[in-house]
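Everything on this sheet refers to the single structure shown next.
2 protein chains.
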Amino acid sequence: MSMANTAQFDARGRSRGEDVRLKLIEAAIEIFGRHGFEGASTRALSQRAGVNQQAIPYYFGGKSGLYLAVADHIAERLKALIGPVGARIGLRVAADHTPKAGKTLEAAEARALLIELLETMAGVLVNEEAASWARFIVREQMEPTEAFERIYEKIMARLIEAARGLIAAIVREDPSSEAVRLRAVALIGQILVFRVAHAAVMRQLGWQKIGPRELDAIHTVIRRAVGAITPANALMSAP
Amino acid sequence: MSMANTAQFDARGRSRGEDVRLKLIEAAIEIFGRHGFEGASTRALSQRAGVNQQAIPYYFGGKSGLYLAVADHIAERLKALIGPVGARIGLRVAADHTPKAGKTLEAAEARALLIELLETMAGVLVNEEAASWARFIVREQMEPTEAFERIYEKIMARLIEAARGLIAAIVREDPSSEAVRLRAVALIGQILVFRVAHAAVMRQLGWQKIGPRELDAIHTVIRRAVGAITPANALMSAP
DNA sequence: GTCTATAGTCGGATAGAC
DNA sequence: GTCTATCCGACTATAGAC
């Protein structure tokens, strides 16, 4: 046993360094989300993570490196949670673009998939973990940096695109048209508002947290919103 | 002229002190909105306002006092811009609660009023001034402080209440029911998303800013969303 | 590979001149 | 009433011990 310390591993098979990295990232999501980049001190970050303050420059090259690592981590987690559904829908929509016998995406199927997509997104939002992600992301929306770029490219853009494909199939319009894009944004807005206008929504609805019961309520909103998507002329023909 | 300097007035009849106060508040909306409370330095605040750094402790008792003053200022401006419409609608809804001959609020009128209310809100959001208000408010939603309290009580709660009254009149339900509250939140979410998921929306729609043309697009969304509000059983009876 | 100590910078607020 | 000068605390990152 004369060898110098090489990487040590914990019970879950993570090397010591990986463990410290992860602890820091998790603490950082919370603190950056609540206080912003400048408002988060490396002292607070390392203390909450329970690691040495110097682990930040060591592992991430500095506070900014940690910030970007947080963005990548969030994008990664979101992709893991929503990505599979999004990808599956993406494929289904793509198949519709090169229509072969029996492959056409009918409105009913598109509606079902859209509900599935939105409910998956809502399910993620409900997660308490998502509350801290949301704080981080919303800050980036206000004053986007490189971190926003990464999250947007890695997951957001794909999800919105999938939603657009489905909406296009329902209303029979071009998925790249502004009309479809607007519908997609409005649809997602109805879900996002629960996280983003968090304080106001909680008060309005008398909610303490967003849990299973509250998720049900959001599902109602989703189903109604998807049900309300109809081709423009169909709307006009209503009484 | 042996008297000591008393208050001096500028061309617009504002005393010097008032002028400095206002300059600081305007600079602070921008900087607090972008960088958060901790991220904003009193040096940056005073420099942008073009006033001395010591004006902050002098006029506002400190950085936190300036922060709260910003909240009050925003609430005040919002109230001035949206309040009249909200109040008028509030009265109309209240009249419906004590129905007398010819006073009943019919669905058609409620829809028209709801569109008016939402379009007014959207109009405020379009305003470039609102971009900075939005940044400030959204931060407060994530991590509410006393500042959120003030804005919520002074204007937000009233607007949501007005919207609820109108929705209730359309769907013929209790304005305090969760169903109506949910509809109100979802409805407002469709507008808010344009400011709140700002970076993502701009990219999705290829917009550079939210101007008159973009406002028209949002109006389309509003009219469609209000049109989609129907009593639950009416929805069921659709083909 | 991880820690303690510290250097250098920038933060907000107070004191006192004008 | 408004400015300049300055204090002291808190910040991040580096250097070097273990």
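Protein chains in written order, with this note's numbering: chain A, -3 to 235; chain B, -3 to 235.
Idealized CB from N, CA, C, for every residue including glycine.
Could you check if residue i is buried or exposed, using at least 16 other CB atoms within 10 Å of its CB as the buried criterion?
i              : result
S233 (chain B) : The pLDDT assigned to S233 (chain B) is 43, lower than 50, so where the model puts this residue is not dependable; a value taken from the coordinates is nonetheless given after this. Its Cβ having fewer than 16 others within 10 Å, S233 (chain B) is exposed.
L62 (chain A)  : buried
D92 (chain B)  : buried
R168 (chain A) : exposed
A180 (chain B) : buried
G82 (chain A)  : buried
L155 (chain A) : buried
A221 (chain A) : buried
G202 (chain A) : exposed
L18 (chain B)  : exposed
A87 (chain B)  : The question names Ala, yet the displayed sequence has Leu at residue 87 (chain B). When all chains shown are included, L87 (chain B) counts as exposed.
A0 (chain B)   : Note that A0 (chain B) scores a pLDDT of 39, beneath 50, so its modelled location is shaky and nothing firm can be said.
With distances taken Cα to Cα, identify the nearest neighbour of residue i among the options.
i              : options                           : result
E136 (chain B) : B:A51, B:G29, B:A91 and B:A24     : B:G29
P53 (chain B)  : B:D68, B:A67 and B:S37            : B:S37
M198 (chain A) : A:V122, A:A103 and A:I27          : A:V122
L211 (chain B) : B:A196, B:M117, B:A67 and B:I163  : B:M117
E105 (chain A) : A:R17, A:L183, A:G32 and A:A165   : A:A165
S42 (chain B)  : B:G35, B:A159 and B:L20           : B:L20
P227 (chain B) : B:D68, B:A40, B:A103 and B:R17    : B:A103
R177 (chain B) : A:I214, A:I147, A:E22 and A:G207  : A:I214
I316 (chain B) : B:T141, B:H69, B:E115 and B:S60   : Outside the shown range of chain B, which is -3 to 235, sits residue 316 (chain B), and nothing can be said about it.
I27 (chain A)  : A:R39, A:A158 and A:R17           : A:R39
K205 (chain A) : A:R17, A:E125, A:V16 and A:R12    : A:E125
P80 (chain A)  : A:L183, A:A158 and A:T216         : A:A158
L183 (chain A) : A:K59, A:L18 and A:G223           : A:G223
Q200 (chain B) : A:P208, A:S173 and A:T216         : A:S173
A175 (chain A) : B:K150, B:T216, B:P140 and B:F144 : B:T216
S60 (chain B)  : B:A143, B:V16, B:R209 and B:E149  : B:A143
Using 8 Å for Cβ pairs, my map puts residue i next to residue j. What's the rounded Cβ distance?
i              : j              : result
P171 (chain B) : G185 (chain B) : Wrong, their Cβ atoms sit about 18 Å apart, outside the cutoff.
V89 (chain B)  : L101 (chain B) : 7 Å
L109 (chain A) : I85 (chain A)  : 5 Å
A196 (chain A) : M152 (chain B) : 6 Å
I147 (chain B) : A67 (chain B)  : 6 Å
Q31 (chain A)  : E34 (chain B)  : Note on residue identity: the sequence assigns His, not Gln, to residue 31 (chain A). H31 (chain A) to E34 (chain B), Cβ: 5 Å. Contact.
A23 (chain B)  : A45 (chain B)  : 4 Å
I163 (chain A) : I225 (chain A) : 6 Å
Going by DSSP, what residue range makes up the alpha helix (DSSP H) through residue i?
i              : result
W129 (chain A) : E124 to M138
S172 (chain A) : Per DSSP, S172 (chain A) belongs to no alpha helix (DSSP H) and is neither H nor E.
Y55 (chain B)  : A51 to F56
M198 (chain A) : H194 to L201
G61 (chain A)  : K59 to H93
L211 (chain B) : P208 to G223
G29 (chain B)  : R12 to G35
L41 (chain B)  : T38 to A45
I151 (chain A) : Here I151 (chain A) belongs to no alpha helix (DSSP H), and DSSP marks it neither H nor E.
I'd like to confirm something about residue i: is its beta-carbon nearer than 6 Å to some heavy atom of the ligand HEM, or not?
i             : result
I27 (chain B) : The ligand HEM is not among the ligands present in this structure, which contains no ligands whatsoever.
- Message: Using 8 Å as the cut-off, can you tell me whether the stretch 181 to 195 of chain A makes contact with the stretch 185 to 199 of chain B, which would need three or more C-beta pairs spanning the two stretches below that distance?
- Response: Judged by Cβ distances under 8 Å, the stretch 181 to 195 of chain A makes contact with the stretch 185 to 199 of chain B, as three or more pairs qualify.
- Task: Assess, as a yes-or-no matter, whether the stretch 68 to 84 of chain B is touched by the stretch 121 to 133 of chain B under the definition of 3 or more beta carbon pairs within less than 8 Å.
- Result: Flag = yes, the stretch 121 to 133 of chain B and the stretch 68 to 84 of chain B touch.
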